[in-house]
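> Just dropping this structure here.
Protein chains: 2
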Amino acid sequence: MLDVNERGLRSMTIHPVILCGGKGSRLWPLSRQSMPKQFIPLWSDKTCFQETVTRVRDSAFADPVIVTSHDYRFIVGQQLSELGVSATILLEPEGRNSGPAIAAAAAWLLERDPDSVMAVLAADHRIDDHDGFRQAIFAAAGAAESGSLVVFGIKPDAPATGYGYVKPGDPIDGTVCHVESFVEKPDRKTASDYIQKGYLWNSGNFLLRADTVLDEYRASDPQTVAAVEEAVRLAENDLDFTVLQSDPYCRAKPQSIDYAVMEKTRAAAVVPVSYAWSDVGNWQTLWELSDKSEAGNLTRGPVDLIDTHNSYIDSHADRLTAVLGLDDIVVINTQDAVLVADRSRANEVGDMVKLMAASGREQALNHRRFDRPWGWYETLDLADRYQVKRVVVYPGGRLSLQKHFHRSEHWVVVRGSAIATVDDTVKLLREGESIYIPLGGIHRLENQGKIDLEIIEVQTGSYLGEDDIVRLDDVYGRIKPS
Amino acid sequence: MLDVNERGLRSMTIHPVILCGGKGSRLWPLSRQSMPKQFIPLWSDKTCFQETVTRVRDSAFADPVIVTSHDYRFIVGQQLSELGVSATILLEPEGRNSGPAIAAAAAWLLERDPDSVMAVLAADHRIDDHDGFRQAIFAAAGAAESGSLVVFGIKPDAPATGYGYVKPGDPIDGTVCHVESFVEKPDRKTASDYIQKGYLWNSGNFLLRADTVLDEYRASDPQTVAAVEEAVRLAENDLDFTVLQSDPYCRAKPQSIDYAVMEKTRAAAVVPVSYAWSDVGNWQTLWELSDKSEAGNLTRGPVDLIDTHNSYIDSHADRLTAVLGLDDIVVINTQDAVLVADRSRANEVGDMVKLMAASGREQALNHRRFDRPWGWYETLDLADRYQVKRVVVYPGGRLSLQKHFHRSEHWVVVRGSAIATVDDTVKLLREGESIYIPLGGIHRLENQGKIDLEIIEVQTGSYLGEDDIVRLDDVYGRIKPS
């Protein structure tokens, strides 16, 4: 692996800034608003976000700065902790597109290091060639440090119509060139024309100095930059998170960094790279990018096929999928929802999700699994007057001290050990042991052990909604319902 | 509704004989070997078997005689009890095709009424026009009583290639004619030709005298008839079932009634009928037969479609199915398996099931729900060292007195009330109450109430297989593992 020093550049630390506030719906039903694609494993055993973080674990990089939304804070925290990575996590009170997110990271870094160089990375892109990726960063480092806003320009291997293009201009430093122009997603003919002329795909990943990007942003939209800087200055720490101040941040104009800065600045530059890259925009993209069988099929999980070709069949949660006599389709089979689509129309899955959300389908936005700071739970069975949940508590996890007005609960420990508080008693429960929480009983569940605690919770009562909860104490600051 | 007497026939009771031992796999994944299509609801809230039984509830009909296999005895018993119908249930030790099954019913009836006339009905055919069906029976009654073996010949509405045909000959009585010949499933061109010539579909349903069919059978295969008669003579009653003696029955040659009798006898007759009929042979047949949307779609359960036509989309167990941009497909979405198929190839689903069974897929043959004489259970969650089941016990149901060597169990009552025996204690458990059964504890669960009892059972232990059970007492005669 090359290091910055080996490249003859002066010693310099690059700050990865990873954007993961997106809510994209085009990988439904695997990706849902409550668990968007950056947080699920799509092509390896790591999630896309974890792949992105791993790509920048190297002596040349500082700990990453993550920009995400309040909704995803505990997922980000848990996925970083699985990697053993410490990071700064900036929480946006609401998403304002990539411009304000990048500006916030820049402002936060500038307060700590006036010479910060940022590698701005989307959390949901696929780049398997980690070495090639780092070499591209090092190739762009000199230009970025000297004040260029460098975008990674991918050498196209096909006239893609789903990406914007960059037209490279005069050289600046090594392979880095000025950007002559950015162009919108073209039709196929125009795309072929672009490729002939040496245009590159705009990957939406950048290397740039924090001060330069803020200066250029300020030139085009001073109000937004002032608002973001105020939100960062007034940010408060809450547990492991840095919470951007809501009022000023929400005054920032929602805009992409491309539109707010890159297309306006004279400092735009591009480094041409040739590693395989994808924005994993939809099932079609993922199919294109993956190794397939001789019949052109990409399958995951338990799948049986007869006379089926060029298809993407994905089975989750031990569910079996059988396909008979069909070509060019996508079947995504999850615990509670199945998508069957013409593969060439995969980009319309977002419309499908809108349709389903509009008609009130729970599965359009949420999975059965709900992530919490202490772990997660899923409903195994829901009936009129009872519900069965599986509850997993991470080591050290501690649920709030709480009570319910309409249900009693049985907890059966099936893995690990639990400290269960019910009213005045505190009890250690081992595998196979259980405890009863009467209606109105004040209770808490805690895992002081070294492995995940799993319990089966059986609720009975006349009302089983999640909002029948009174929190009396909570280590995660959720005394108000979250 | 017409009665036999109104037709001027002398008073006569017809004995419905309902064949429901089939294991067909072409409606997978809804129908599986452990729960074949006759026992599931396909076009109404009744199962196909229940629809068939209901079709012959009329003063002209005696209580039905059901011929089924040992495996399905408790399903048959439960489905009859839901209808409040009493019946004779003949259990075949193993399936020998329709010939021996009909011969057994005939021999059993002859011992009780030497003039028995049998309406032999497949349990898995769809006939919605119950009045039309009964009128056809009454139209055939005179000829049948006089010794004709009358098959119901359906007037074709299309040149179907999936059915055998019957060529009607000279008239016998009213609309009933001699059969000039039976012909095998034709190709499309031949089928059109048959329709031109007035051929009818062979529905495989018959009206015939018990003595005539046995005599004609004996003429072609005396050994089989002797074997079946012996199996009936030595049959033993076990609970509500009449168990045909195994040794002689298994000597019967496996043959269809068509081949063993109908194609050989001179007594074959046909009554032409014009009600809508289908053998519900596969998903295509079911789609053809049902009311569809303007776009040609037949949907059941939670389904959302964009630009999808002429398809059959079926969602079970609250699972959502979304289909985007596809025509002429079948999607059957069940709790643990999904079928996606080209509709025109629905007749190949049986091959698909064979393939899956060969590769050891549990879902090929079994549902998650297992029916037992006392009720049923299903697995909600299965992990390495624990399992969660929902157990439903019918009113009056009583599980065996049993113990396990490798697991302990928690029972939580979530509906109804339970009498729970654990070692020396017998306890009434109400909704929300629970009991613990330690490893090795002798236990029994019983529902003495008026509504179904539902419990959540959480098992923990090193081995969770169904065969870790020692039955010490069982009201259903299952002391040996069943």
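As you go down the protein sequences, you meet chains C and R in turn. Residues in the first sequence are numbered from 1 upward in steps of one, following our numbering. Residues in the second sequence are numbered from 1001 upward in steps of one, following our numbering. C-beta atoms are modelled at their ideal positions from N, C-alpha and C, and glycine is treated no differently. Here the structure is a predicted model, which means the values were calculated and not measured.
If you follow the beta strand (DSSP E) that Ile1075 of chain R is part of, which residue opens it and which one closes it?
As a first step, residue 1075 of chain R is located in the second sequence; it is residue number 75 there, counting from the start. From DSSP, Ile1075 of chain R is part of no beta strand (DSSP E) but of the alpha helix (DSSP H) over 1073-1083.
> Let me know the secondary structure DSSP gives Gly432 of chain C once reduced to three states.
In the first sequence, residue 432 of chain C corresponds to position 432, counting from 1. Residue state, collapsed to three classes: coil.
> Identify whether Cys1250 of chain R lies in helix, strand or coil by the three-state DSSP scheme.
Within the second sequence, residue 1250 of chain R is the residue found at index 250, counting from 1. In the structure shown, Cys1250 of chain R sits in coil (DSSP, three-state: anything other than H, G, I, E or B).
> For Leu380 of chain C, decide whether its Cβ has a neighbour in chain R, counting only Cβ atoms nearer than 8 Å.
Looking up residue 380 of chain C in the first sequence gives position 380. It does: the Cβ of Leu380 of chain C has a partner Cβ on chain R nearer than 8 Å.
> Where are the beta strand (DSSP E) runs, 3 residues long or more, that stay fully inside the stretch 1084-1128 of chain R, in chain order?
Counting only unbroken stretches of 3 or more residues, the beta strand (DSSP E) elements lying wholly within the stretch 1084-1128 of chain R are 1088-1092, 1117-1122, in sequence order.
> Please report the straight-line C-alpha distance between Ser1293 of chain R and Ile1329 of chain R, rounded to a whole angstrom.
Reading the second sequence from its first residue, position 293 is the one you call residue 1293 of chain R. Reading the second sequence from its first residue, position 329 is the one you call residue 1329 of chain R. Cα to Cα, the separation comes out at about 15 Å.
> Less than 7 Å between C-beta atoms, sequence neighbours within five positions excluded: which residues of the same chain meet that for Ile1380 of chain R?
In the second sequence, counting from the first residue as 1, residue 1380 of chain R sits at position 380. A small correction: the amino acid at residue 1380 of chain R is Leu; Ile does not occupy that position in the sequence shown. Excluding sequence neighbours, Leu1380 of chain R sits near Val1388, Lys1389, Arg1390.
> At a CB distance below 7 Å, what residues from the stretch 1443-1460 of chain R approach chain C? Give them in sequence order.
Taking 7 Å as the Cβ-Cβ cut-off, the stretch 1443-1460 of chain R approaches chain C at Ile1456, Val1458, Thr1460, given in chain order.
> If we cut at 8 Å on Cβ distances, does Ala1418 of chain R have a partner in chain C?
Residue 1418 of chain R sits at position 418 when you count from the first residue of the second sequence. Proximity of Ala1418 of chain R to chain C, defined by a Cβ-Cβ separation below 8 Å, is not satisfied.
> Give me, in chain order, the residues of the same chain whose beta-carbon lies closer than 8 Å to that of Ala1104 of chain R; leave out the 5 immediate sequence neighbours on both sides.
Within the second sequence, residue 1104 of chain R is the residue found at index 104, counting from 1. Within the same chain, Ala1104 of chain R has close Cβ partners Val1067, Leu1090, Glu1092, Val1228, Ala1231, Val1232, Leu1244, Tyr1249.
> Determine the extent of the alpha helix (DSSP H) in which Val213 of chain C is found, giving its start and end residues.
Your numbering for residue 213 of chain C matches position 213 in the first sequence. Run containing Val213 of chain C: 210-220, per the alpha helix (DSSP H) assignment.
> Nearest chain R C-beta to Arg10 of chain C closer than 8 Å, yes or no?
As a working note, residue 10 of chain C is residue 10 in the first sequence. Residue placement at Arg10 of chain C cannot be trusted, given a pLDDT of 47 that sits under 50; the coordinates are not used to answer.
> Report buried or exposed for Leu80 of chain C, applying the criterion of at least 16 other Cβ atoms within 10 angstroms of its Cβ.
For the purposes of this step, residue 80 of chain C is identified with residue 80 of the first sequence, where counting begins at 1. Buried: at least 16 other Cβ atoms inside 10 Å.
> Quick one: grab the DSSP three-state call for Glu1184 of chain R.
Along the second sequence, read from residue 1 onward, the residue named residue 1184 of chain R stands at position 184. Three-state result, Glu1184 of chain R: coil.
> Where do the ends of the alpha helix (DSSP H) carrying Asp1351 of chain R lie?
Within the second sequence, numbered from 1, the residue matching residue 1351 of chain R stands at position 351. Run containing Asp1351 of chain R: 1349-1358, per the alpha helix (DSSP H) assignment.
> Looking only at its own chain, which residues have a Cβ that is under 8 Å from the Cβ of Ser1116 of chain R, when we skip the five neighbours before and after it?
The count along the second sequence starts at 1 and reaches residue 1116 of chain R at position 116. The answer, listed in chain order, is His1015, Ala1106, Leu1109, Leu1110, Arg1209, Ala1210, Asp1211.
> Answer with yes or no whether the minimum CB distance from Met1035 of chain R to chain C is below 8 Å.
By 1-based counting over the second sequence, the position of residue 1035 of chain R is 35. No, Met1035 of chain R lies away from the interface with chain C (no Cβ there is under 8 Å from its Cβ).
> Would you say the stretch 1272-1280 of chain R touches the stretch 1122-1138 of chain R, given that touching needs at least three Cβ pairs under 8 Å?
yes
> Within the 8 Å Cβ cut-off, does Ala1341 of chain R reach chain C?
Along the second sequence, one-based indexing puts residue 1341 of chain R at 341. It does: the Cβ of Ala1341 of chain R has a partner Cβ on chain C nearer than 8 Å.
> Taking the continuous beta strand (DSSP E) assigned at Glu409 of chain C, which residues delimit it?
Within the first sequence, residue 409 of chain C is the residue found at index 409, counting from 1. Taken as a continuous stretch (DSSP letters only), the beta strand (DSSP E) holding Glu409 of chain C covers 407-415.
> How should His1363 of chain R be labelled, buried or exposed, when 16 other C-beta atoms within 10 angstroms of its C-beta is the threshold for buried?
Sequence index remark: in the second sequence, residue 1363 of chain R carries index 363 (1-based). With the sequence shown as reference, residue 1363 of chain R is identified as Gln, and His is not the correct amino acid for it. Burial call: buried.
> Classify Arg1010 of chain R as buried or exposed, calling it buried when 16 or more other Cβ atoms lie within 10 Å of its own Cβ.
As a first step, residue 1010 of chain R is located in the second sequence; it is residue number 10 there, counting from the start. Model confidence at Arg1010 of chain R stands at a pLDDT of 47, short of 50, so the residue's coordinates are unreliable and nothing is read from them.
> Between the Cα of Lys1155 of chain R and the Cα atoms of R:Val1271, R:Gly1375, R:Cys1020, R:Ala1420, which residue gives the shortest distance?
Position 155 of the second sequence, counting from 1, holds the residue named residue 1155 of chain R. With respect to the C-alpha of Lys1155 of chain R, the residue from R:Val1271, R:Gly1375, R:Cys1020, R:Ala1420 having the closest C-alpha is R:Val1271.
> I'd like to know whether the C-beta of Ile437 of chain C is nearer than 8 Å to at least one C-beta of chain R.
Translated into the one-based positions of the first sequence, residue 437 of chain C becomes position 437. Not one chain R Cβ lies under 8 Å of Ile437 of chain C.
> Quick one: Cα of Ile257 of chain C to Cα of Gly396 of chain C, how far?
Within the first sequence, the letter at position 257 stands for residue 257 of chain C. Within the first sequence, the letter at position 396 stands for residue 396 of chain C. Using only the alpha carbons, I get a separation of about 39 Å.
> According to DSSP, is Ser34 of chain C helix, strand or coil?
Here residue 34 of chain C corresponds to residue number 34 of the first sequence, with the count starting at 1. Three-state result, Ser34 of chain C: coil.
> Rounded to a whole number of angstroms, what is the C-alpha to C-alpha distance between Arg1430 of chain R and Glu1446 of chain R?
Residue mapping note: residue 1430 of chain R aligns to position 430 of the second sequence, counting from 1. Residue mapping note: residue 1446 of chain R aligns to position 446 of the second sequence, counting from 1. Going by the C-alpha atoms only, they are around 12 Å apart.
> Taking Phe152 of chain C as part of the beta strand (DSSP E), name the residues at either end of that continuous run.
Numbered from 1 along the first sequence, position 152 holds the residue referred to as residue 152 of chain C. Going by DSSP, Phe152 of chain C is part of the beta strand (DSSP E) stretching over 149-154.
> Name, going along the chain, the residues of the stretch 306-322 of chain C whose beta-carbon falls closer than 7 Å to a beta-carbon of chain R.
Hits within the stretch, in order: Ile306, Arg319, Leu320, Thr321, Ala322.
> Are there 16 or more other CB atoms within 10 angstroms of the CB of Asn427 of chain C, so buried, or fewer, so exposed?
Your numbering for residue 427 of chain C matches position 427 in the first sequence. For clarity, residue 427 of chain C is Lys in the given sequence; the question names Asn instead. By the neighbour-count rule (16 or more Cβ atoms within 10 Å), Lys427 of chain C is not buried but exposed.
> Would you verify that the beta carbon of Gly375 of chain C is, or is not, closer than 8 Å to some beta carbon of chain R?
Mapped onto the first sequence, residue 375 of chain C falls at position 375. Closer than 8 Å: no.
> Go to Asp131 of chain C, then tell me how far its alpha helix (DSSP H) extends in each direction, as first and last residue.
Within the first sequence, residue 131 of chain C is the residue found at index 131, counting from 1. 130-145 is the span of the alpha helix (DSSP H), which, as asked, contains Asp131 of chain C.
> With DSSP run on the structure shown, which of helix, strand or coil describes Leu234 of chain C?
Taking the first sequence and counting its residues from 1, the one referred to as residue 234 of chain C is at position 234. Residue state, collapsed to three classes: coil.
> Measuring alpha carbon to alpha carbon, tell me which residue in R:Glu1378, R:Gly1198, R:Thr1013, R:Leu1339 is nearest Lys1167 of chain R.
The sequence position of residue 1167 of chain R within the second sequence is 167, counting from 1. Measuring from the Cα of Lys1167 of chain R, the nearest candidate turns out to be R:Gly1198.
> Using 8 Å for Cβ pairs, my map puts Val509 of chain C next to Val261 of chain C. What's the rounded Cβ distance?
Shown here, chain C extends from 1 to 482; a query on residue 509 of chain C therefore has no answer.
> Is it right to say Lys450 of chain C is buried, meaning 16 or more other beta carbons lie within 10 angstroms of its own, or is it exposed?
Your numbering for residue 450 of chain C matches position 450 in the first sequence. Exposed is the call here.
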